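Below: one structure, written as structure tokens.
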Amino acid sequence: MAELIRSRASQGLTTVLGLATGSTPLPLYQELIRLHREEALSFETVVTFNLDEYLGLERDHPESYWTFMHRNLFDHIDVSAENIHLPSGTVADEDIESHCESYEEAIREAGGIDFQLLGIGRTGHIGFNEPGSSQFSRTRRIHLDPITRQDAAPSFGGLENVPTHAITMGCGTILEARRIVLLAWGEKKASIVKEAIEGPINDQVSASFLQDHDNASFYLDPGAAAELK
Ligand code: PGA
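So that you can map any letter, position 119 of the sequence shown is 112 in this note's numbering, and since no number is skipped, the others follow by simple counting.
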């Protein structure tokens, strides 16, 4: 990521990053902050688009992805506030469709995503593209899978506090990124990682669509890679 940002900046180009939340990218964000502080990596030429946001949470809710990204990355680097994009968690129902269209339009206007970072949920989701999401899906409202809500329950202090819906970039939106990197750590991801990489490409495992992308890589630790042939 640092090389991409630096090489594009040296040609006078911006870099559009698609960013992810969750525990998985935290070590990567720590390293980006270190590179900024110790090796003068500048994010002044970076434009960011996050994958998703919970519906029903204000920006400053402690569990909103807006808060997560500021706390874990944006507050510690020199990215401009106007270059940061996340879907809104508080858009009125009747405005969701146009909000999602504007998000897609903003990505296109920025020149498309140069580098998309992904985690993977136990449902196989990338972003919040739960089972049943088409490979052509675009940014939209999604009903969260029970497994996803269960995995989020501890941070929300109980399942009843976890939002039921989110806005997510679609699989089609994600697959248009020119470079995609998916990270997964730990044995609890091993079986879904195997399905995504070695299973059939199908809409029950959104991450399986990455098999068809010409510049996608999975970075796994031994736990997450444990079931691969
Ligand atoms: P995690 O979530 O990084 O907290 O495991 C990943 C995801 O649901 O995409």
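We treat Cβ as the ideally placed atom computed from N, Cα and C, and that holds for glycine. Keep in mind that this is a model prediction, so the values were computed, not measured.
What is the chain-ordered set of residues for which the beta carbon lies under 5 Å from any non-hydrogen atom of the ligand PGA?
G15, S16, T17, G112, G114
Sort L79, R172, I194 by Cα distance to D207 and report the nearest one.
Your numbering for residue 207 matches position 214 in the sequence shown. It is R172.
Among V40, S57, Y58, whose alpha-carbon lies nearest the alpha-carbon of I70?
To locate residue 70, count along the sequence shown from 1; it is residue 77. Nearest of V40, S57, Y58 to I70, Cα basis: V40.
Going by the CB atoms, is the gap between Q128 and C223 shorter than 8 Å?
Since the first residue of the chain shown is -6 and the last is 222, residue 223 is not available in this structure.
According to DSSP, is N208 part of a helix, a strand, or is it coil?
Stepping through the sequence shown from its first residue, residue 208 is reached at position 215. Looking at N208 - three-state DSSP - the assignment turns out to be coil, as it is neither helix nor strand.
Just the Cα atoms here: how many angstroms apart are I119 and S3?
For the purposes of this step, residue 119 is identified with residue 126 of the sequence shown, where counting begins at 1. For the purposes of this step, residue 3 is identified with residue 10 of the sequence shown, where counting begins at 1. Going by the C-alpha atoms only, they are around 32 Å apart.
Could you pull the DSSP bridge partners for F42 from this structure?
Here residue 42 is taken as the residue at index 49 of the sequence shown, counted from 1. Answer is G11, H78, bridged to F42.
What residues are listed by DSSP as bridge partners for R133?
The residue you call residue 133 lines up with position 140 of the sequence shown. The partner list for R133 (beta bridge, DSSP) reads T161.
Shortest alpha-carbon distance to V84 belongs to which of A74, R52, S210?
On the sequence shown, position 91 is the one that residue 84 refers to. Nearest of A74, R52, S210 to V84, Cα basis: R52.
Taking 8 Å as the cut-off, does the region 61 to 80 touch the region 10 to 25 (at least 3 CB pairs, one atom from each stretch)?
yes
Does the Cβ of T157 have 16 or more other Cβ atoms within 10 Å, making it buried, or fewer, making it exposed?
Here residue 157 is taken as the residue at index 164 of the sequence shown, counted from 1. Looking at its Cβ environment, which holds fewer than 16 other Cβ atoms inside 10 Å, T157 is exposed.
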